[in-house]
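Colleague:
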Amino acid sequence: SACSSLQGGSPERGGSTGFANLSVLIESELAGSGEWVNLSARRRKAQSRADELSSGAAMLPADRDLFREFDEIARQEGRLKKSVYPGIYSAVKNVAKRRKIDFVLSMDDGLLYAESAYDITGEVLQELKTIRARSDPLVR
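For the sequence shown, position 71 matches number 71 in my numbering, and the numbering has no gaps at all.
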């Protein structure tokens with residue numbers, strides 16, 4: 001399954017964890033988009049030509065634009081992916097809450113969701129200040 005609880009838990013027990021394959025979720029959200037289908041076809045075509053060139057095929061004048069094509073495809077794919085992230089995040093958060101999962105990890109991009117009770121950012125910032133103060137000769 002795309003999201004699975006690995007262990008039960010709470011802040012006291014270390015929390016429960018699940019995972020999701022973000023690539024699968026993004027692909028599912030964009031599969032019906034004509035623009036996504038077109039970009040996928042363009043990527044396959046460009047990759048096929050790049051593979052031919054790496055196998056020793058003669059370079060044609062049009063091949064000079066191949067890198068630009070890859071860049072443009074990546075830019076447009078990034079824009080489309082970014083457009084579906086809020087919905088995916090909401091779905092991940094809803095499933096996590098329903099299943100009492102404290103952390104959801106992505107198989108490809110790291111942490112997707114965490115209960116705010118586990119956020120130690122403030123404590124880490126304070127520790128950094130403490131470390132800087134100890135190493136700053138003017139503070140001594």
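The beta-carbon is built from N, C-alpha and C at its ideal position, and this holds for glycine as well. Please read these numbers as outputs of a predicted model, since none were measured by experiment.
Should residue 83 be labelled buried (16 or more other beta-carbon atoms within 10 Å of its own) or exposed?
Modeller: For this step, residue 83 is matched to residue 83 along the sequence shown. So residue 83 counts as exposed.
Colleague: Cα-Cα, which of 53, 30 and 50 is closest to residue 81?
Modeller: Mapped onto the sequence shown, residue 81 falls at position 81. Closest by alpha carbon: 30.
Colleague: Where residue 124 and residue 90 are concerned, what is the direct C-alpha to C-alpha distance, given to the nearest angstrom?
Modeller: Within the sequence shown, residue 124 is the residue found at index 124, counting from 1. Within the sequence shown, residue 90 is the residue found at index 90, counting from 1. Each residue's alpha carbon lies about 27 Å from the other.
Colleague: Is the Cβ-Cβ distance between residue 50 and residue 66 less than 8 Å?
Modeller: Translated into positions along the sequence shown, residue 50 becomes position 50. Translated into positions along the sequence shown, residue 66 becomes position 66. Yes, Cβ-Cβ distance for residue 50 and residue 66 is below 8 Å.
Colleague: Suppose you measure from the CA of residue 118 to the CA of residue 108; what does that come to, to the nearest Å?
Modeller: In the sequence shown, the residue the question calls residue 118 occupies position 118. In the sequence shown, the residue the question calls residue 108 occupies position 108. Distance between the alpha carbons of residue 118 and residue 108: 21 Å.
Colleague: With the cut-off set at 8 Å, would you say residue 76 and residue 39 are in Cβ contact?
Modeller: Mapped onto the sequence shown, residue 76 falls at position 76. Mapped onto the sequence shown, residue 39 falls at position 39. Cβ atoms of residue 76 and residue 39: closer than 8 Å.
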